[in-house]
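Engineer: Residues in the sequence shown are numbered from 29 upward in steps of one, following our numbering. For every residue, glycine included, the Cβ atom is placed at its ideal position computed from N, Cα and C.
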Amino acid sequence: QVQVVESGGGLVQPGGSLRLSCVFSGSINRIYKRGWYRQAPGKQRELVAYINNVDRTIYSDSAKGRFTISGDDAKTTVDLQMDSLKPEDTAVYYCNAGLLWPTEDNWGQGTQVTVSS
29 QVQVVESGGG LVQPGGSLRL SCVFSGSINR IYKRGWYRQA PGKQRELVAY INNVDRTIYS
89 DSAKGRFTIS GDDAKTTVDL QMDSLKPEDT AVYYCNAGLL WPTEDNWGQG TQVTVSS
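1. Span of the beta strand (DSSP E) holding residue 109?
2. Out of 91, 117 and 29, state which residue places its alpha-carbon closest to the alpha-carbon of residue 55.
3. For residue 140, which residues of its own chain have a beta-carbon under 7 Å away from its beta-carbon, when the five flanking residues on both sides are left out?
4. Going straight from the alpha carbon of residue 76 to that of residue 144, what length do you get?
5. What is the rounded straight-line gap between the Cα of residue 33 and the Cα of residue 100?
6. Residue range of the beta strand (DSSP E) that residue 29 falls in?
See below:
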């Protein structure tokens, strides 16, 4: 198991920025990818971005050009820098650790991001 703890959500005006941070502990040697997902009210959870163990990054179409994911080499953290935020970015954001041996996902508790004037 990997413990996942997020921080950094909040209320921001349209066009503003927020940085989400996530810390992993426990069996971090099992982590092969680290990422962020979000879930808006009435919608399914969706991928925002992830980074894998060879530093390949994947972004959703809505995140490309506005969000930047980064992580440390020790696989203990992953951050999401969100710029040019829009009201449609409002959601609960979840940090995710993709694990091997066996394959499974560990999730954080979620952090609320609200973009509103």
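Structural biologist: Quick answer:
1. 105-110
2. 29
3. 37 and 120
4. 20 Å
5. 15 Å
6. Looking at the DSSP string, residue 29 is not in any beta strand (DSSP E), and its letter there is neither H nor E.
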